[in-house]
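Asks: Residue numbers (my numbering): 603 to 902.
Think of the CB as a built atom: it goes at the ideal place given N, C-alpha and C, for glycine as much as any other residue.
The model shown is predicted, which means the values in this text are computed figures rather than measured ones.
First, the structure itself, so that you have it in front of you.
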């Protein structure tokens, strides 16, 4: 598997902060700029990053212009999305026409930004699933911010976790894909489908009932993709209630998986949680699950 790693960041490099989807609070963007300055980076706040157009930060065209300008600006080395919220999918067709691989930037974000990570993967580019402006506004004393900066600067920091009664032991390798399951489900059958056979799939979500997540997983099961993964990492599923059929989201996911042959790790610190740990989307990786826990390492 050959992928494109954007170049390592160096002191003085520039970030562009964009809002490709929903409205963001100005204080989070201001805080992110201050933190990035403390790390030694410059920042462009794109013209419509703090805009307002209905529930979006700007019209589709305005959001597209901001992203396009950031991509085409040779001074910009990393694009940080200010937040998720629905709307990133509006930009995929137009952004797909850009020569993103000619001057690859680091894309940073999660949740609805999973759609943009899928776009980057379509162009063979590695990006970073991580917290955005709100997280960065927590300052340089924040451990996850420090980890993100280290990863942008060239360190291939993996991840590990504890054992779980739902874990499946084994080892598997492949491109690390995924993110927000509802967003990924909406891309199945499109040119931006991110869930491909042989990948290590990461899933997380927020405020989705158990039965809706089950329905998404059954779609993958019935298409045969779920059985052809190299591994599965189950992150946080938050803001939901158990239903009369399942005591927890994890129990339902384990039931749907059945007797899969690949490793499965539950309880990963990924998703809409305070300790949302950064990971390299589309990077070649290996997931190893044993009786005592699991590890994720990068192989390129």
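Since residue 606 and residue 727 are thought to touch, with beta carbons under 8 Å apart, how far apart are those beta carbons, to the nearest angstrom?
Replies: Numbered from 1 along the chain shown, position 4 holds the residue referred to as residue 606. Numbered from 1 along the chain shown, position 125 holds the residue referred to as residue 727. Their Cβ separation, rounded to whole angstroms, is 5 Å, which keeps residue 606 and residue 727 in contact under 8 Å.
Asks: Please find out if some non-hydrogen atom of the ligand NAD comes closer than 8 Å to the beta-carbon of residue 856.
Replies: No copy of the ligand NAD occurs in the structure displayed, which carries no ligand at all.
Asks: In three-state terms, what does DSSP make of residue 790?
Replies: The residue given as residue 790 occupies position 188 in the chain shown. In this structure, residue 790 counts as coil in the three-state DSSP scheme.
Asks: Closest to residue 785 by CA distance: which of 834, 715, 802 is it?
Replies: Taking the chain shown and counting its residues from 1, the one referred to as residue 785 is at position 183. That would be 715, whose Cα lies nearest to the Cα of residue 785.
Asks: Roughly how many angstroms separate the alpha carbons of residue 844 and residue 858, rounded to a whole number?
Replies: Taking the first residue of the chain shown as position 1, residue 844 is located at position 242. Taking the first residue of the chain shown as position 1, residue 858 is located at position 256. Each residue's Cα considered, the two are about 16 Å apart.
Asks: Residue range of the alpha helix (DSSP H) that residue 644 falls in?
Replies: What you label residue 644 is simply residue 42 of the chain shown in a count that begins at 1. Careful: residue 644 lies outside any alpha helix (DSSP H), inside the beta strand (DSSP E) at 644–647.
Asks: Please state whether the Cβ-Cβ distance between residue 879 and residue 732 is less than 9 Å.
Replies: By 1-based counting over the chain shown, the position of residue 879 is 277. By 1-based counting over the chain shown, the position of residue 732 is 130. In this structure, residue 732 lies closer than 9 Å to residue 879 by Cβ.
Asks: Is residue 860 buried or exposed, if buried means 16 or more other CB atoms sit within 10 Å of its CB?
Replies: Position 258 of the chain shown holds residue 860. With fewer than 16 Cβ atoms within 10 Å of its Cβ, residue 860 is classed as exposed.
Asks: Buried or exposed for residue 834, going by 16 or more other Cβ atoms inside 10 Å?
Replies: By 1-based counting over the chain shown, the position of residue 834 is 232. Buried: at least 16 other Cβ atoms inside 10 Å.
Asks: Can at least three beta-carbon pairs, one atom from the region 887–902 and one from the region 758–772, be found at a separation below 8 Å?
Replies: Taking 8 Å as the limit for Cβ pairs, the verdict is that the region 758–772 does touch the region 887–902.
Asks: Would you check if the distance between the CB atom of residue 621 and the CB atom of residue 668 is smaller than 9 Å?
Replies: Stepping through the chain shown from its first residue, residue 621 is reached at position 19. Stepping through the chain shown from its first residue, residue 668 is reached at position 66. In contact: residue 621 and residue 668 (Cβ atoms closer than 9 Å).
Asks: Between residue 721 and residue 694, how many whole angstroms is the CB-CB distance? I'm expecting something under 8 Å.
Replies: Position 119 of the chain shown, counted from the start, is the residue given in the question as residue 721. Position 92 of the chain shown, counted from the start, is the residue given in the question as residue 694. That belief holds up - the Cβ atoms of residue 721 and residue 694 are roughly 6 Å apart, short of 8 Å.
Asks: List the endpoints of the continuous beta strand (DSSP E) containing residue 782.
Replies: Here residue 782 refers to the residue found at position 180 when the chain shown is read from its first residue. Counting along the chain, the beta strand (DSSP E) containing residue 782 begins and ends at 772–782.
Asks: Give me the residue from 704, 787, 631 with the minimum Cα distance to residue 691.
Replies: Along the chain shown, read from residue 1 onward, the residue named residue 691 stands at position 89. Nearest of 704, 787, 631 to residue 691, Cα basis: 787.
Asks: Output the distance between the C-alpha atoms of residue 864 and residue 774, rounded to the nearest integer angstrom.
Replies: Position 262 of the chain shown holds residue 864. Position 172 of the chain shown holds residue 774. Each residue's alpha carbon lies about 7 Å from the other.
Asks: Which same chain residues, not among the five before or five after residue 756, have their C-beta less than 7 Å away from its C-beta?
Replies: Residue numbering aside, residue 756 sits at position 154 when the chain shown is read from its first letter. For residue 756, where only same-chain residues beyond five positions count, the Cβ hits under 7 Å are 610.
Asks: Would you call the region 642–655 in contact with the region 672–680, where contact means no fewer than 3 C-beta pairs closer than 8 Å?
Replies: Result yes; three or more Cβ-Cβ pairs closer than 8 Å.
Asks: With DSSP as the reference, identify every bridge partner of residue 710, one or two as the case may be.
Replies: Taking the first residue of the chain shown as 1, we reach residue 710 at position 108. Beta-bridge pairing links residue 710 to 682, 730.
Asks: What is the DSSP secondary structure of residue 655, reduced to helix, strand or coil?
Replies: Translated into positions along the chain shown, residue 655 becomes position 53. Residue 655 falls in the strand class under three-state DSSP.
Asks: Less than 9 Å between the beta carbons of residue 623 and residue 686, yes or no?
Replies: Start at 1 with the first residue of the chain shown, and residue 623 comes out as number 21. Start at 1 with the first residue of the chain shown, and residue 686 comes out as number 84. Yes. Within cutoff.
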